[in-house]
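Asks: Here you go, one structure.
Chains as they are written, first to last, in full-length UniProt numbering: chain A, 1 to 504; chain B, 1 to 504.
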């Protein structure tokens, strides 16, 4: 605070010979300082060693930001993710962020998590049949030729592949079904519905593949493995919990699908005891009637009853603009709130003042614990206050919002203002496999280099990782944060040491 | 406010059988109402007739917004301005907005205001010489062949045109120098520097054309005419005040250029006494040294001394990212503040935390009366508070920001959050001629249909028009607002009448 006398003096001065230059400089510094105090990460105090690491990280960050500023024609994060995703791997800062303990992933979906190459590999499994119809494809595991309809003909995948004459070409073509990545995204996806159509089709096309119980279970195990390797210690997975099937003709309902998840989690933790765990958010499709939502909620309660430690809560998924808005389900969701925690998708839209946009109000009124995306929140000043007051975690997925056409230039992503306002932000990755991103590293990198202030430093990175643990539903949060701090110190020590040894 | 008893009751209820549905609905309504109260325009009360007009306007708006929402593949304002600017003319709402009294234009530059067709017409003037060098062009008025250097050869424009063999083709080619509009903007302008280069070149190429005193004066007279026809009653024009010349070899300095403006304004007001006036913001190029800024400020003071009623204040212009930041001129600008009001461009950038971005802090600390663009302001929570507290008008130019590549999809323009937060917003148009927009109607239309909430109505339109008068520097503000109200009533009456008569 300034004293009264110099302030008064500078006012008097100003009326006589203009503004006092020192006063202008002091006032600017004061305004800047107030903003710095407000930013996400401003409450973190760095140790001496962290300060050293910070200098390394900030050298890297400023070089990359300034190169983008000075040479916008080359690599920079203002372009579409597909245009820079491979270049990112050359960035030393990206490598640092890969190695960095990043805490938890709190917003990630079903079978959208692993790369198209992984999915192509799955198609090498025994007993897999495929049905090609023009540009469409479907899969089914079966001991004999499936009885389900196929407009052409079910082929044993192995036969289709090896009779194609060129396995490499066959697989490359197949791979295109498992990714939304294309060379020219603005041409391939001229509008939001076009890209959502391609994105949604991935899940439709692969339903016969992933619905096979052994594959479903393997996929989750391998997801945990991939996330652990990306230095993630815990995840909360959203799933529609599709019915599963096996070769014996058995089918498994949503509760049993949830149990498959739990079984694989237990197995994974036996194999990798340094991984902290996973919990489930049951998140079925939102384009349904109120009575279906009532059934969903009953299913959710059954899962919670059977897997109380594994079940985290409830959500609804699908393209929010084209889905049914939350307000249609208020009676059901109000009643369900006695037993269930909510983690609603809301505000994944650009359409200000529409019913989709209003989902943000309903989600808050329904007591949601976190908000998925919250992209439109920046347009809602009262909700911004409420999010802060109620401490509702915001699950931000920058790359997803870019790929799914909410924002072309991520410097305009509302995350920038959320970070500036010190909102409870968690960085997540949504469906990184479908756009060929790493489980979380690309999203962290893009948020840090592309969206946050040029001046936002290691404190932001640490805070974002800590937030992901803090806003999780894990019952062993303290233990997890304790372990995180240990891993963080090791990461910092390693970074400083490698820098000293000239290895960076 | 809710009573304590029902609130307590609903809390108790919630713990027993979930949330009370009525409580959820009430809470949402409460949150929504608080936001509605905060929006720009919420303080306007509509008369009965205005309510009728509002119903007409909102029918049109919702139809257009919902068509965009439902059929994103067709016309909608999420695309680049060049893609929809001609379609807009088919919109009945655009026609309404054209007819609507829009108040003042407070942010508009020199010779960027009239269409390329108008500029082509100017090239039919006598005594005009042209120098073609590859894709470059320059002009000079002269009685004889100019002595200035030309890498090829000065041609009398008339000779060049009629010896071309195809006047239409010649003019079409010429026209391309006077517009940034192209069929495929993302291809033509891959980055911000590319489009700024084309934009800046327009001013460079036409400097010999507009620097000719009679043309300079005619251009301003015709600007006032075009703006008046677009239902604008007052403008504040920013100008670099270039030296002018005539056929006799005389040159005129910045003060004399300012006097040319004033002379034409006086003539215009004699011809059109219903136009309220214009004032000048001297806004020379920012890519200069501190000593040049000192000279600028001296010039500004001279203009103020000679034209005290016409001179409004001082600013600096040019691509902000590549210009010198305000902080380099703090000593000069602090000292200049004794005599001069500031209207700084600031925050016309996407680069969060850079020196360009910091211009917002310097502008506020220097006591700027308004901020030009303020695009980056949404990332600065403390400055947002200060702008409101100090009542600093924000001159928002949505189409400019789209064309000059700050934002690809205007639904992500920060204006949306400024409107939601009730900030002192003024809609302006920057350089509408260069991108072939109307003086102000396109910007109003895009702000209203493309950026503001689907629910924002006639009160927003009226408030934006009133703001443009309120945040002007006009000394006859009350009289202007009084006259505005009269014109507004006529507009409302006409709209309601035409609707009754089935003319809409």
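Where is the CB? At the ideal position from N, CA and C, for every residue including glycine.
This structure is a prediction, so every number in the text was calculated from the model and none was measured.
Answer yes or no: does any C-beta atom of chain B fall closer than 8 Å to that of residue 509 of chain A?
Replies: Because chain A spans 1 through 504 in this model, residue 509 of chain A falls outside it and cannot be assessed.
Asks: From which residue to which residue does the beta strand (DSSP E) around residue 236 of chain B run?
Replies: The residue labelled residue 236 of chain B in the question sits at position 236 within the second chain. Where residue 236 of chain B is concerned, the enclosing beta strand (DSSP E) stretches over 234 to 239.
Asks: Using DSSP's beta-bridge definition, name the partner residues of residue 425 of chain A.
Replies: The residue given as residue 425 of chain A occupies position 425 in the first chain. Residue 425 of chain A is bridged to A:394.
Asks: According to DSSP, is residue 48 of chain A part of a helix, a strand, or is it coil?
Replies: As a working mapping, residue 48 of chain A is identified with position 48 in the first chain. Note: residue 48 of chain A maps to helix in three-state DSSP.
Asks: Among A:247, A:295, A:20, which residue has its Cα nearest to the Cα of residue 213 of chain A?
Replies: As a working mapping, residue 213 of chain A is identified with position 213 in the first chain. Comparing Cα-Cα distances from residue 213 of chain A to each of A:247, A:295, A:20, the minimum goes to A:247.
Asks: Taking 8 Å as the CB-CB limit, is residue 9 of chain A close to chain B?
Replies: If you number the first chain from 1, residue 9 of chain A lands on position 9. Unreliable positioning characterises residue 9 of chain A in this predicted model, as indicated by a pLDDT of 45, which lies under 50. A coordinate reading is not provided.
Asks: By DSSP, does residue 380 of chain A sit in helix, in strand, or in coil?
Replies: Here residue 380 of chain A refers to the residue found at position 380 when the first chain is read from its first residue. DSSP places residue 380 of chain A in the coil class of the three-state scheme, outside both helix and strand.
Asks: Residues in the region 393 to 414 of chain A with C-beta within 9 Å of chain B's C-beta atoms, listed in sequence order?
Replies: 405, 406, 407, 408, 409, 411, 412, 413, 414
Asks: Looking at the C-beta of residue 421 of chain B, does it have a partner C-beta in chain A at a distance below 8 Å?
Replies: Along the second chain, one-based indexing puts residue 421 of chain B at 421. So yes, residue 421 of chain B belongs to the interface.
Asks: Which residues bound the beta strand (DSSP E) around residue 282 of chain A?
Replies: Within the first chain, the letter at position 282 stands for residue 282 of chain A. From DSSP, the beta strand (DSSP E) with residue 282 of chain A extends over 277 to 282.
Asks: Going along chain B, which residues have a C-beta under 7 Å from residue 72 of chain A?
Replies: Locating residue 72 of chain A in the first chain gives position 72, where the first residue counts as 1. The answer, in chain order, is 191, 192, 193.
Asks: Is the shortest distance between the beta-carbon of residue 383 of chain B and the beta-carbons of chain A less than 8 Å?
Replies: Within the second chain, numbered from 1, the residue matching residue 383 of chain B stands at position 383. Chain A contact via Cβ: present.
Asks: Distance, Cα to Cα, residue 393 of chain B vs residue 404 of chain B?
Replies: Within the second chain, numbered from 1, the residue matching residue 393 of chain B stands at position 393. Within the second chain, numbered from 1, the residue matching residue 404 of chain B stands at position 404. Each residue's alpha carbon lies about 22 Å from the other.
Asks: Would you give the residue range spanned by the beta strand (DSSP E) that residue 313 of chain B belongs to?
Replies: The sequence position of residue 313 of chain B within the second chain is 313, counting from 1. Residue 313 of chain B -> beta strand (DSSP E) spans 311 to 314.
Asks: So, is the C-beta of residue 260 of chain B closer than 8 Å to a C-beta in chain A?
Replies: Taking the first residue of the second chain as 1, we reach residue 260 of chain B at position 260. Not an interface residue.
Asks: Which residues in chain A have a C-beta closer than 7 Å to the C-beta of residue 373 of chain B? List them in chain order.
Replies: Taking the second chain and counting its residues from 1, one reaches residue 373 of chain B at position 373. Those do not exist, as residue 373 of chain B stays about 14 Å from chain A at its closest Cβ, beyond 7 Å.
Asks: Nearest-angstrom Cα distance between residue 354 of chain B and residue 453 of chain A?
Replies: On the second chain, residue 354 of chain B is found 354 positions in, with the first residue counted as 1. On the first chain, residue 453 of chain A is found 453 positions in, with the first residue counted as 1. When rounded, the distance between both Cα atoms is 8 Å.
Asks: Could you work out which residues of chain B lie near residue 350 of chain A, taking near to mean beta carbons separated by less than 8 Å?
Replies: Residue mapping note: residue 350 of chain A aligns to position 350 of the first chain, counting from 1. Taking a Cβ-Cβ cut-off of 8 Å, the neighbours of residue 350 of chain A in chain B comprise 78, 409, 411, 412, given in sequence order.
Asks: Beta carbons nearer than 9 Å to chain B: which residues of the region 289 to 309 of chain A have them?
Replies: Residues: none.
Asks: Are the C-beta atoms of residue 102 of chain B and some chain A residue less than 8 Å apart?
Replies: Sequence index remark: in the second chain, residue 102 of chain B carries index 102 (1-based). With respect to chain A, the C-beta atom of residue 102 of chain B has no partner C-beta closer than 8 Å.
Asks: Can we say the region 26 to 40 of chain B touches the region 420 to 434 of chain B, given the rule of at least three CB pairs closer than 8 Å?
Replies: The region 26 to 40 of chain B makes contact with the region 420 to 434 of chain B: 3 or more CB pairs, one atom from each, lie closer than 8 Å.
Asks: If you draw a straight line from the C-alpha of residue 491 of chain B to the C-alpha of residue 322 of chain B, how long is it?
Replies: Sequence index remark: in the second chain, residue 491 of chain B carries index 491 (1-based). Sequence index remark: in the second chain, residue 322 of chain B carries index 322 (1-based). Straight-line spacing of the CA atoms in residue 491 of chain B and residue 322 of chain B works out to 44 Å.
Asks: Which of the three DSSP states is assigned to residue 307 of chain A in this structure?
Replies: The residue labelled residue 307 of chain A in the question sits at position 307 within the first chain. Here DSSP, grouped into helix, strand and coil, assigns residue 307 of chain A to coil.
Asks: Using a Cβ-Cβ distance cut-off of 8 Å, determine whether residue 158 of chain A contacts chain B.
Replies: Walking along the first chain from the start, residue 158 of chain A turns up at place 158. Not one chain B Cβ lies under 8 Å of residue 158 of chain A.
Asks: Go through its chain and collect everything with a Cβ distance to residue 84 of chain B's Cβ below 8 Å, but skip five positions before and after it.
Replies: As a first step, residue 84 of chain B must be located in the second chain, where it is residue number 84. Taken in chain order, the residues that qualify are 75, 76, 77.
Asks: Helix, strand or coil for residue 375 of chain A? Go by DSSP, reduced to three states.
Replies: Within the first chain, numbered from 1, the residue matching residue 375 of chain A stands at position 375. Per DSSP, reduced to three states, the secondary structure at residue 375 of chain A is helical.
Asks: Ignoring anything shorter than 4 residues, give me the alpha helix (DSSP H) runs that lie fully in the region 409 to 467 of chain B, in order along the chain.
Replies: 415 to 420, 441 to 445
Asks: Given that residue 109 of chain B touches chain A, what residues does it touch there, using C-beta distances under 8 Å?
Replies: Taking the first residue of the second chain as 1, we reach residue 109 of chain B at position 109. Residues of chain A passing the Cβ test: none, with the nearest at roughly 23 Å.
Asks: Residues of the region 23 to 50 of chain A in Cβ contact with chain B at a cutoff of 7 Å, in chain order, please.
Replies: 24, 25, 27, 28, 31, 32, 34, 35, 38
Asks: Let me know the alpha helix (DSSP H) ranges lying completely inside the region 176 to 202 of chain B, each 4 residues or longer, listed in chain order.
Replies: 185 to 188
Asks: Check whether the region 177 to 188 of chain B and the region 100 to 109 of chain B touch, using three or more Cβ-Cβ pairs below 8 Å as the test.
Replies: no
Asks: Looking at residue 302 of chain A and residue 343 of chain A, is the spacing between their C-beta atoms short of 8 Å?
Replies: Here residue 343 of chain A refers to the residue found at position 343 of the first chain. Here residue 302 of chain A refers to the residue found at position 302 of the first chain. One thing to note: residue 343 of chain A has its Cβ no nearer than 8 Å to the Cβ of residue 302 of chain A.
Asks: Express the C-alpha separation of residue 174 of chain B and residue 133 of chain B in angstroms, rounding to a whole number.
Replies: The count along the second chain starts at 1 and reaches residue 133 of chain B at position 133. The count along the second chain starts at 1 and reaches residue 174 of chain B at position 174. Approximately 13 Å, taken between the alpha carbons.
Asks: Using beta carbons (cut-off 8 Å, strictly below), is residue 497 of chain A in contact with chain B?
Replies: Here residue 497 of chain A refers to the residue found at position 497 of the first chain. Chain B, which has no Cβ nearer than 8 Å to the Cβ of residue 497 of chain A, makes this no.
Asks: Residues in its own chain within less than 8 Å of residue 411 of chain B by CB, not counting five upstream and five downstream?
Replies: By one-based count along the second chain, residue 411 of chain B stands at place 411. For residue 411 of chain B, where only same-chain residues beyond five positions count, the Cβ hits under 8 Å are 77, 78, 450, 451.
Asks: Rounded to the nearest angstrom, what separates residue 152 of chain A and residue 205 of chain A at their Cα positions?
Replies: Stepping through the first chain from its first residue, residue 152 of chain A is reached at position 152. Stepping through the first chain from its first residue, residue 205 of chain A is reached at position 205. Cα to Cα, residue 152 of chain A sits roughly 16 Å from residue 205 of chain A.
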